[in-house]
Amino acid sequence: MKFYRWLWQLVVLPLFFLSSACTDTLESSVVVYSNDFSELNLAGFEGARLFVFQNDTISGFYNNEEIKLRIDNLPSHNVMRITVDILVHDSWDGNPGGDYWILGADSQEILRTTFSNSPCESTFCLYQSYPENYARQFVPKSGAVRTNIPGLCLFGAFDNYTTQYSITRLIDHTNNDIDVFMRDELNQEGIPDPACDESWSISSIVVEALVVD
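Counting with mature numbering (1 follows the signal peptide of the UniProt record, and there is no 0), you get residues -21 to -1, 1 to 192 for the letters of the sequence shown.
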(Lines of atoms letter the chains of each structure in order from A and count residues from 1; the text may use other names and numbers.)
(Lines give C-alpha, C1' and ligand atoms only; values in the text may rest on other atoms or scores of the structure.)
Protein backbone atom coordinates (compact mmCIF):
# COMPACT_ATOMS: atom_id res chain seq x y z
CA MET A 1 0.00 0.00 0.00
CA LYS A 2 2.66 2.50 1.08
CA PHE A 3 4.90 1.51 -1.84
CA TYR A 4 2.29 2.52 -4.42
CA ARG A 5 1.58 5.82 -2.68
CA TRP A 6 5.24 6.85 -2.52
CA LEU A 7 5.86 5.68 -6.08
CA TRP A 8 3.10 8.07 -7.17
CA GLN A 9 4.48 10.93 -5.13
CA LEU A 10 8.10 10.45 -6.19
CA VAL A 11 7.61 9.64 -9.87
CA VAL A 12 4.17 10.38 -11.29
CA LEU A 13 3.39 13.73 -9.63
CA PRO A 14 6.74 15.36 -10.47
CA LEU A 15 6.09 14.36 -14.09
CA PHE A 16 2.65 15.99 -13.81
CA PHE A 17 4.17 19.29 -12.79
CA LEU A 18 6.75 19.09 -15.56
CA SER A 19 4.17 18.31 -18.23
CA SER A 20 1.28 20.53 -17.10
CA ALA A 21 3.04 23.78 -17.92
CA CYS A 22 6.58 24.75 -18.82
CA THR A 23 6.70 27.28 -15.98
CA ASP A 24 5.25 25.06 -13.21
CA THR A 25 7.88 24.17 -10.61
CA LEU A 26 7.33 22.39 -7.31
CA GLU A 27 9.12 24.69 -4.86
CA SER A 28 8.23 22.93 -1.61
CA SER A 29 6.09 20.17 -0.15
CA VAL A 30 5.14 19.82 3.51
CA VAL A 31 3.18 16.86 4.90
CA VAL A 32 0.57 18.47 7.14
CA TYR A 33 -1.32 15.28 8.01
CA SER A 34 -0.50 11.58 7.72
CA ASN A 35 -2.41 8.69 9.26
CA ASP A 36 -2.49 4.96 8.59
CA PHE A 37 -4.54 4.43 11.79
CA SER A 38 -1.99 1.96 13.20
CA GLU A 39 -1.70 4.13 16.34
CA LEU A 40 -5.49 4.13 16.83
CA ASN A 41 -5.56 7.88 16.35
CA LEU A 42 -8.50 9.76 14.82
CA ALA A 43 -7.34 13.26 15.80
CA GLY A 44 -8.84 15.88 13.52
CA PHE A 45 -11.58 13.58 12.23
CA GLU A 46 -15.30 14.02 12.62
CA GLY A 47 -17.67 11.07 12.16
CA ALA A 48 -14.85 8.52 11.78
CA ARG A 49 -14.29 5.25 13.63
CA LEU A 50 -11.78 2.40 13.68
CA PHE A 51 -12.06 -1.32 13.11
CA VAL A 52 -9.82 -4.26 12.24
CA PHE A 53 -9.95 -5.76 8.76
CA GLN A 54 -7.55 -8.45 7.55
CA ASN A 55 -5.42 -7.94 10.70
CA ASP A 56 -5.00 -4.23 9.92
CA THR A 57 -6.56 -1.33 11.84
CA ILE A 58 -8.32 1.01 9.42
CA SER A 59 -11.07 3.63 9.48
CA GLY A 60 -14.50 2.37 8.57
CA PHE A 61 -16.62 0.77 7.52
CA TYR A 62 -19.07 3.31 6.14
CA ASN A 63 -22.43 3.14 4.42
CA ASN A 64 -24.33 6.33 3.48
CA GLU A 65 -22.06 8.31 5.80
CA GLU A 66 -19.60 11.19 5.70
CA ILE A 67 -16.30 11.62 7.49
CA LYS A 68 -14.40 14.90 7.67
CA LEU A 69 -10.80 15.79 8.47
CA ARG A 70 -10.01 19.31 9.74
CA ILE A 71 -6.42 20.60 9.44
CA ASP A 72 -5.56 24.02 10.89
CA ASN A 73 -2.50 26.28 10.77
CA LEU A 74 -1.32 25.29 7.32
CA PRO A 75 2.05 26.59 6.12
CA SER A 76 2.19 28.98 3.17
CA HIS A 77 1.04 27.16 0.03
CA ASN A 78 -0.97 27.50 -3.16
CA VAL A 79 -1.78 23.83 -3.89
CA MET A 80 -2.93 20.95 -1.68
CA ARG A 81 -2.23 17.30 -2.49
CA ILE A 82 -4.63 14.77 -0.97
CA THR A 83 -3.87 11.04 -1.12
CA VAL A 84 -6.43 8.57 0.21
CA ASP A 85 -6.20 4.79 0.19
CA ILE A 86 -9.78 3.54 0.02
CA LEU A 87 -11.08 -0.02 0.38
CA VAL A 88 -14.31 -0.74 -1.50
CA HIS A 89 -16.12 -3.67 0.10
CA ASP A 90 -18.55 -6.26 -1.29
CA SER A 91 -21.16 -5.74 -4.02
CA TRP A 92 -20.48 -2.29 -5.50
CA ASP A 93 -21.86 -2.48 -9.04
CA GLY A 94 -20.55 0.64 -10.75
CA ASN A 95 -22.47 3.09 -12.89
CA PRO A 96 -25.70 1.05 -13.25
CA GLY A 97 -26.11 0.89 -9.47
CA GLY A 98 -26.32 4.63 -8.95
CA ASP A 99 -23.79 4.37 -6.11
CA TYR A 100 -21.33 7.24 -5.71
CA TRP A 101 -18.22 7.89 -3.67
CA ILE A 102 -17.18 11.51 -3.17
CA LEU A 103 -13.92 13.19 -2.12
CA GLY A 104 -13.98 16.91 -1.45
CA ALA A 105 -12.40 19.86 0.32
CA ASP A 106 -13.98 22.94 1.90
CA SER A 107 -17.52 22.02 0.76
CA GLN A 108 -16.42 21.53 -2.88
CA GLU A 109 -16.38 18.12 -4.55
CA ILE A 110 -13.04 17.09 -6.05
CA LEU A 111 -14.05 13.62 -7.19
CA ARG A 112 -17.49 12.04 -7.67
CA THR A 113 -17.10 8.55 -9.00
CA THR A 114 -18.33 4.93 -8.92
CA PHE A 115 -16.63 1.59 -8.28
CA SER A 116 -17.48 -1.91 -9.43
CA ASN A 117 -16.52 -5.20 -7.77
CA SER A 118 -18.55 -7.08 -10.37
CA PRO A 119 -17.04 -9.70 -12.68
CA CYS A 120 -16.70 -8.41 -16.24
CA GLU A 121 -17.46 -10.72 -19.17
CA SER A 122 -18.00 -10.06 -22.86
CA THR A 123 -21.77 -10.44 -22.43
CA PHE A 124 -22.12 -8.75 -19.03
CA CYS A 125 -20.05 -6.01 -17.44
CA LEU A 126 -21.00 -3.40 -14.83
CA TYR A 127 -18.65 -0.54 -15.68
CA GLN A 128 -17.29 1.97 -13.18
CA SER A 129 -16.28 5.63 -13.55
CA TYR A 130 -13.05 5.56 -11.54
CA PRO A 131 -10.29 6.66 -12.21
CA GLU A 132 -12.34 9.57 -13.63
CA ASN A 133 -15.48 11.36 -12.51
CA TYR A 134 -18.96 9.96 -13.12
CA ALA A 135 -20.14 9.05 -15.77
CA ARG A 136 -17.04 7.77 -17.52
CA GLN A 137 -16.94 4.08 -18.44
CA PHE A 138 -14.08 1.81 -17.33
CA VAL A 139 -13.96 -1.92 -16.64
CA PRO A 140 -14.35 -2.97 -12.97
CA LYS A 141 -11.33 -2.39 -10.72
CA SER A 142 -9.64 0.01 -13.18
CA GLY A 143 -6.87 1.91 -11.42
CA ALA A 144 -6.82 -0.43 -8.39
CA VAL A 145 -3.62 -1.19 -6.50
CA ARG A 146 -4.98 -4.46 -5.03
CA THR A 147 -7.88 -6.60 -6.19
CA ASN A 148 -7.46 -9.96 -4.45
CA ILE A 149 -8.76 -9.02 -0.99
CA PRO A 150 -11.74 -10.88 0.51
CA GLY A 151 -15.03 -9.07 0.96
CA LEU A 152 -15.96 -7.60 4.31
CA CYS A 153 -19.45 -8.96 4.97
CA LEU A 154 -21.74 -10.22 2.21
CA PHE A 155 -18.78 -11.66 0.29
CA GLY A 156 -16.48 -12.09 3.29
CA ALA A 157 -15.72 -15.69 2.33
CA PHE A 158 -14.69 -14.79 -1.23
CA ASP A 159 -11.54 -13.20 -2.63
CA ASN A 160 -11.70 -10.20 -4.99
CA TYR A 161 -14.64 -8.51 -3.24
CA THR A 162 -12.61 -5.80 -1.53
CA THR A 163 -10.68 -3.55 -3.91
CA GLN A 164 -8.02 -1.07 -2.84
CA TYR A 165 -7.45 2.22 -4.64
CA SER A 166 -4.86 4.90 -3.94
CA ILE A 167 -6.51 8.17 -4.94
CA THR A 168 -4.48 11.37 -5.32
CA ARG A 169 -5.90 14.74 -6.22
CA LEU A 170 -4.37 18.23 -6.47
CA ILE A 171 -6.41 21.37 -5.75
CA ASP A 172 -5.68 25.08 -5.81
CA HIS A 173 -5.76 26.28 -2.21
CA THR A 174 -4.35 29.16 -0.15
CA ASN A 175 -6.42 29.24 3.06
CA ASN A 176 -4.89 28.69 6.49
CA ASP A 177 -7.05 25.63 7.10
CA ILE A 178 -8.78 22.88 5.13
CA ASP A 179 -11.68 20.48 5.62
CA VAL A 180 -11.22 17.23 3.68
CA PHE A 181 -14.41 15.17 3.43
CA MET A 182 -15.28 11.74 2.10
CA ARG A 183 -18.79 10.38 1.75
CA ASP A 184 -20.93 7.96 -0.19
CA GLU A 185 -24.37 8.01 -1.76
CA LEU A 186 -25.40 4.37 -1.97
CA ASN A 187 -28.66 3.28 -3.57
CA GLN A 188 -29.78 0.07 -1.87
CA GLU A 189 -33.57 -0.09 -1.95
CA GLY A 190 -34.96 -3.34 -0.57
CA ILE A 191 -31.62 -4.47 0.92
CA PRO A 192 -32.22 -5.77 4.48
CA ASP A 193 -28.66 -5.02 5.68
CA PRO A 194 -27.22 -2.21 3.51
CA ALA A 195 -23.87 -1.96 5.32
CA CYS A 196 -23.26 -5.67 4.75
CA ASP A 197 -24.08 -5.31 1.06
CA GLU A 198 -21.87 -2.30 0.18
CA SER A 199 -19.44 -0.27 2.26
CA TRP A 200 -16.05 1.44 2.17
CA SER A 201 -13.11 2.12 4.45
CA ILE A 202 -9.96 4.25 4.55
CA SER A 203 -6.62 2.55 5.22
CA SER A 204 -4.51 5.72 5.06
CA ILE A 205 -4.60 9.42 4.24
CA VAL A 206 -1.81 11.91 3.54
CA VAL A 207 -2.36 15.64 3.02
CA GLU A 208 0.43 17.91 1.77
CA ALA A 209 0.75 21.66 1.35
CA LEU A 210 2.66 22.56 -1.82
CA VAL A 211 4.16 25.70 -3.20
CA VAL A 212 4.03 25.59 -7.00
CA ASP A 213 5.53 28.41 -9.05
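Heads up, the beta-carbon is just placed ideally off N, CA and C, and yes, glycines get one too.
Predicted model only: the values in this text are computed from it and were never measured.
Contact set for residue i: own chain, Cβ-Cβ below 6 Å, skip 5 residues either direction
i, result
"Leu21", "Ala27"
"Val185", "Ser13 and Thr62"
"Cys175", "Cys132 and Leu133"
"Lys(-20)", "Per-residue confidence for Lys(-20) stands at a pLDDT of 43, beneath the threshold of 50, marking its modelled position as unreliable; no derived number is given."
Whole-number beta carbon distance between residue j and residue i, since they are thought to touch under 8 Å
i, j, result
"Ser97", "Asp72", "5 Å"
"Ser95", "Pro110", "Contact doesn't hold; Cβ gap of about 12 Å is too wide."
"Pro181", "Asp64", "Checking the sequence shown, residue 181 turns out to be Ile, not Pro. About 7 Å separates the two Cβ atoms, so the contact holds."
"Arg60", "Asp158", "Contact flag wrong, Cβ pair sits at about 16 Å."
"Ser7", "Leu189", "7 Å"
"residue 193", "Gln116", "This structure cannot settle anything about residue 193, because the visible part of the chain is limited to -21 through 192."
"Ile89", "Arg148", "5 Å"
Cutoff 8 Å; reference residue i; Cβ partners in own chain excluding five residues on either side
i, result
"Tyr113", "Asn74, Tyr79, Arg91, Thr92 and Thr93"
"Ile46", "Phe24, Glu25, Gly26, Ala27, Ser38, Phe160, Met161, Arg162 and Ile181"
"Glu44", "Gly26, Arg162 and Asp163"
Environment of residue i [buried if 16+ CB atoms lie within 10 Å]
i, result
"Thr4", "exposed"
"Val31", "exposed"
"Val9", "exposed"
"Asn42", "buried"
"Ala136", "exposed"
"Ser177", "Reading off the sequence shown, one finds Glu at residue 177, where the question assumed Ser. By the neighbour-count rule (16 or more Cβ atoms within 10 Å), Glu177 is buried."
"Phe40", "buried"
"Thr102", "exposed"
"Val191", "buried"
"Asn14", "buried"
"Pro119", "buried"
"Gly169", "exposed"
"Leu19", "exposed"
Per DSSP, the bridge partner or partners of residue i
i, result
"Ala84", "Gln87 and Val159"
"Arg125", "Gln143"
"Glu25", "Lys47"
"Ala188", "Val9 and Met59"
"Asp172", "DSSP, once it has assigned bridges, lists no residue as partnering Asp172."
"Tyr79", "Glu164"
"Tyr41", "Trp179"
"Asp35", "Phe32"
Proximity winner among the options, relative to residue i (alpha-carbon distances)
i, options, result
"Asp35", "Ala188, Ser183 and Leu189", "Ser183"
"residue 194", "Asn52, Asn57, Leu133 and Val67", "This structure leaves residue 194 out entirely; the chain is present only between -21 and 192."
"Glu187", "Ser17, Glu18 and Ser55", "Ser55"
"Leu133", "Ser101, Pro173 and Leu165", "Pro173"
"Ser108", "Glu100, Asn127 and Gly76", "Gly76"
"Trp179", "Thr147, Pro171, Tyr140 and Arg148", "Tyr140"
"Ala123", "Glu168, Ile146, Asn52 and Leu82", "Ile146"
"Ile150", "Pro119, Tyr106 and Thr62", "Thr62"
"Gln87", "Asp15, His152, Arg125 and Cys104", "His152"
"Asn154", "Leu165, Cys99 and Asn52", "Asn52"
"Val11", "Gly130, Val58, Leu29 and Gln167", "Val58"
Interface flag, residue i vs chain D, CB-CB below 7 Å
i, result
"Leu53", "This model lacks chain D altogether; it includes just one protein chain."
Contacts around residue i, its chain only, beta-carbon distance under 7 Å, and the 5 residues preceding and following it disregarded
i, result
"Asn166", "Gly76, Gly77 and Asp78"
"Ser17", "Thr36"
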